[in-house]
Amino acid sequence: MEQCHVRAGVAISMRESKLNGLLFLLGVLLVWELAARAELVNPLVVPPLSRILTIFYDLLGSGQIPMQILVSMKRALVGYLLAALVFIPLGILMGLHDRLYRSLEVVVEMLRPIPPPVVIPVALLFFGLEDTMKIFVIFFSCAWPILLNALDGVRHIDRVLLHTAQTFSLSRGKILWQVILPASSPQIMTGLRVSLPIMLILVVISEMVGSTDGIGYFILDSQRRFKVAQMYAGMLALAILGYGLNLLFNWLCNLLLPWQAGMTRRTE
Amino acid sequence: MPILEVQGLSKSYRQMGGDTTLAIGNITCAVEAGEFVSFVGPSGCGKTTLLMSIAGLLAPSSGRILVKGREISGPPPNLVLVFQEFNKSLFAWRSVLGNVRFGLQARGNRSREAEARARSLIELVGLKGFEKAYPWELSGGMQQRVAIARALAYGPEVLLMDEPFGSLDALTRLELEDTLLRLWAELRTTILFITHDIEEAIYLSDRIWVLSRRPAEIVEELRIDFARPRDQVTTRAEARFMELRNDIYQRISGEGGR
Amino acid sequence: MNGSRNFNRRGWLLFAVLLLLWEIGSRSSPKLQLYLPPVSQILITLGDLLRAGEIVKHLATTLARFVEGYIFSAALAVTLGVLLGYFRFAHSLVEIVIEFLRPMPSVAIIPVAVLMLGIGDAMIVAVTVYASTWPVLINTIDGVRRIERTLIDTGRTFGLSGRQTLWRVILPAASPTIVTGLRVSLSIALILVTTAEMVIGSRGLGFFILDQERSMNGAAMYAGIVLVALLGYALNRIFLMFESRAMRWSNAMSARESL
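Residue numbers (the working numbering), protein chains in the order written: chain A, 1 to 268; chain B, 269 to 526; chain C, 527 to 785.
Below is the structure:
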């Protein structure tokens, strides 16, 4: 008779879990290194980890990688912030005024299912290989999560909260600024958080398809020139970038929404 | 002049299917300044609708509400409603102090006195030391106390309370009843209280209006004469207490369903 | 939310007006026409392309790659996710690796895949599988982990074997979360297929669209985009159909809670 053992009841402590994970990771990395060196895997396709790390370090020092990342981030952030600037207010307005929502609903539902990368050729047509092309693509792609979350955040504000604001005889303007915005801010942040990886993905894709610089281009170009270790180094840089952006965002979230930190921890 | 008057109030809703349902039948009553009055009625009889209408948050289908002789058309500035769902009513993004100060800030009062007033109320409700805590960190009873402090800091002349202690455990409820009476005695606010707990109504009030089943109408008015300050042990032990309770209970359960 | 949606006249009206502005604006400016051909021209071109048949082959290619990638990733991710969600030890091992790989955009894997698998169908399906696995994996792990201990204990009280517990308790209980992941991975799979086709291109709608752009065939390019959007829409609908059938209990539950 099969027996499934769930050690969850006596949960593995956090520290033990982290230790396990770390050891496992080191184990995997070690296997990688050895397998590549022993040519168990084709080292032209999967170079030894040490070579990748060496090249990564070199590229870091020479400024190559930081420069490419800067180039990419400049485009990405401009598109992202523009999307936030336009679509958060729009989402809030749509959440507050049902008429506006109904009017725009069809257009939104028509544009939303378009897979963002497919917009790239359009952007290429209009903007060529310029930065504007990437900014436009990111603007378009990040729009929907930002818009829909802002919209949802406003719509799902509990009626009791609104009634509370009304019973204190608040003017409509004050209700908007002092109640509606703070109450919907967690969900607005969710939209921004979801859009962050989208931003990263699209900047990489748009650089692979239509660019001469940036980290996405760098990775693809390295592959085309068969500088394989360099390609992996680029991917490592990208992973670190993604991780770093996440940390930055979470830090910002805790700063802006200090009350949320404790709340979400409690519901886990 | 009564501080609050309800004249011929009725409220009906249109349902999803298209029929209208009458939530409040015909309510006429008056509250004198400084009184503590309660509405008691069976669940679902429309008590919340009644209170929301009096608070100006719902427009009546007919009749009118007068606060200090003036008819209201929207939430009047010297009246505040404390909601039953306190966890949805408190502002999650503000600390306890931030919440309690909210009403004052809304009035444009940001002075030092406003903060001092908020702090004193926090102390009065027994939450001294918790000024910087966020609502989610507090227990249910504490949250409701914050809501009450917030309402009182605003300094309303009339305080409406919609089953404020309904979702709390029995002991917390008794504690808060006394806290409320203390505050009321000190601040001399007029309180209009709704509850389905008959004994709570008797314990707290000067007068009680018993409501019928939906559509709610006043079927009986009772004057409660127990000495103040009231005491959980002695007041409730009085013979008259039980009489009143049985009287009201029979009145309510005798109400045929409609 | 409103249950019965009456026809959104205003919405469709605005949409129609915008299309009209597009049509008129495009026709009135020959320069603009290069970038933004009139709607009518796009639709006519779409019709022609469909009749000619070439674009249908591209569509079929994209669809085939999508289906392969999506189904395979779903099976892989759910299996892996259940195992990792249930066996805390296994999860503790892999948790850090997952946290490391997650922030890297899956599209960055394309060059590696080209290196390993060349530029054929295999490569495209592989990157699709890689990318689509993530949301389902994460959600499955999450869904299984969140299953109340009491639920599993209940199963054991009734003498359910391991396998029965899996099928009768774990999967149904975690399915709402899993389905959410599957929905996200649907869009991701389509995105990856079209992207890969654009990057390495020889066939498929992604390639077609980019190719038309390079040849400055605006109308054909837009026609391709319309087709992809329709494809995405159709896939979504099919998914929703499956979902509502399979998840009737969960939807009813959450509908009741939102009242």
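Using N, Cα and C, we set each Cβ at its ideal position, and we do this for glycine too.
Answer with yes or no whether the minimum CB distance from residue i to chain A is below 8 Å.
i, result
"phenylalanine 626 of chain C", "yes"
"tryptophan 693 of chain C", "no"
"proline 497 of chain B", "no"
"phenylalanine 307 of chain B", "no"
"serine 770 of chain C", "no"
"alanine 327 of chain B", "no"
"glycine 302 of chain B", "no"
"lysine 396 of chain B", "no"
Straight-line CA distance for residue i to residue j?
i, j, result
"leucine 161 of chain A", "serine 357 of chain B", "5 Å"
"isoleucine 470 of chain B", "isoleucine 476 of chain B", "7 Å"
"serine 169 of chain A", "proline 345 of chain B", "6 Å"
"leucine 29 of chain A", "phenylalanine 126 of chain A", "45 Å"
"threonine 440 of chain B", "serine 388 of chain B", "21 Å"
"tyrosine 217 of chain A", "serine 72 of chain A", "9 Å"
"leucine 334 of chain B", "leucine 96 of chain A", "31 Å"
"phenylalanine 509 of chain B", "threonine 288 of chain B", "39 Å"
"alanine 603 of chain C", "methionine 642 of chain C", "22 Å"
"glycine 234 of chain A", "isoleucine 219 of chain A", "5 Å"
"leucine 572 of chain C", "glycine 732 of chain C", "15 Å"
"cysteine 142 of chain A", "methionine 199 of chain A", "6 Å"
"serine 311 of chain B", "histidine 464 of chain B", "7 Å"
"threonine 164 of chain A", "proline 661 of chain C", "39 Å"
"leucine 26 of chain A", "alanine 229 of chain A", "20 Å"
"alanine 746 of chain C", "phenylalanine 359 of chain B", "54 Å"
"leucine 610 of chain C", "isoleucine 240 of chain A", "25 Å"
Exposed or buried, residue i, counting other C-beta atoms within 10 Å across all chains shown (16 or more means buried)?
i, result
"leucine 23 of chain A", "exposed"
"tryptophan 693 of chain C", "exposed"
"leucine 785 of chain C", "Model confidence at leucine 785 of chain C stands at a pLDDT of 43, short of 50, so the residue's coordinates are unreliable and nothing is read from them."
"lysine 400 of chain B", "exposed"
"glutamine 500 of chain B", "exposed"
"serine 711 of chain C", "buried"
"glutamine 177 of chain A", "First, the amino acid is wrong: residue 177 of chain A is tryptophan here, not glutamine. The residue is exposed, with fewer than 16 neighbouring Cβ atoms inside 10 Å."
"arginine 266 of chain A", "With a pLDDT of 46 at arginine 266 of chain A, under the threshold of 50, the modelled position of that residue is not reliable, and no figure is offered here."
"lysine 557 of chain C", "exposed"
"alanine 150 of chain A", "buried"
"tyrosine 612 of chain C", "buried"
"serine 618 of chain C", "buried"
"glutamate 468 of chain B", "buried"
Flag residue i as yes if its beta-carbon sits less than 8 Å from any beta-carbon of chain C, otherwise no.
i, result
"glutamate 39 of chain A", "no"
"methionine 208 of chain A", "yes"
"glycine 61 of chain A", "no"
"phenylalanine 24 of chain A", "yes"
"asparagine 254 of chain A", "no"
"valine 86 of chain A", "no"
"proline 66 of chain A", "no"
The beta strand (DSSP E) that contains residue i, what's its start and end?
i, result
"asparagine 294 of chain B", "288–299"
"phenylalanine 136 of chain A", "No beta strand (DSSP E) holds phenylalanine 136 of chain A; the alpha helix (DSSP H) holding it covers 131–155."
"glycine 331 of chain B", "330–335"
"glutamate 489 of chain B", "484–491"
"aspartate 430 of chain B", "426–430"
"phenylalanine 56 of chain A", "Note, phenylalanine 56 of chain A: premise wrong, no beta strand (DSSP E); alpha helix (DSSP H) at 49–62."
Quick check on residue i - is its C-beta less than 8 Å from some C-beta in chain B?
i, result
"threonine 190 of chain A", "no"
"threonine 167 of chain A", "yes"
"glutamine 251 of chain A", "For the sequence presented, residue 251 of chain A should be read as tryptophan rather than glutamine. Not one chain B Cβ lies under 8 Å of tryptophan 251 of chain A."
"threonine 164 of chain A", "yes"
For residue i, report the span of its alpha helix (DSSP H) as first-last.
i, result
"phenylalanine 461 of chain B", "First-last for phenylalanine 461 of chain B: 458–463, but that is the beta strand (DSSP E), not the alpha helix (DSSP H)."
"tryptophan 477 of chain B", "Taken as a continuous stretch (DSSP letters only), tryptophan 477 of chain B belongs to no alpha helix (DSSP H), being part of the beta strand (DSSP E) at 475–479."
"arginine 282 of chain B", "No alpha helix (DSSP H) contains arginine 282 of chain B, which is instead part of the beta strand (DSSP E) from 272–282."
"alanine 417 of chain B", "408–421"
"glutamate 445 of chain B", "438–455"
"glutamate 207 of chain A", "181–209"
"leucine 602 of chain C", "580–612"
"serine 17 of chain A", "14–37"
"serine 169 of chain A", "Segment: none, serine 169 of chain A is in no alpha helix (DSSP H) and carries neither H nor E."
"valine 655 of chain C", "647–671"
"valine 710 of chain C", "697–726"
"phenylalanine 342 of chain A", "Since the first residue of chain A shown is 1 and the last is 268, residue 342 of chain A is not available in this structure."
Return yes when the C-beta of residue i is under 7 Å from any heavy atom of the ligand ZN, and no when it is not.
i, result
"leucine 428 of chain B", "This structure simply doesn't include the ligand ZN, nor any ligand for that matter."
task = Assess, as a yes-or-no matter, whether the region 573–586 of chain C is touched by the region 696–711 of chain C under the definition of 3 or more beta carbon pairs within less than 8 Å.
result = Short answer: they don't touch.
Contact the region 712–729 of chain C vs the region 637–652 of chain C: 3+ CB pairs below 8 Å: Using a C-beta cut-off of 8 Å, the region 712–729 of chain C makes contact with the region 637–652 of chain C, since at least three inter-stretch Cβ pairs fall below that distance.
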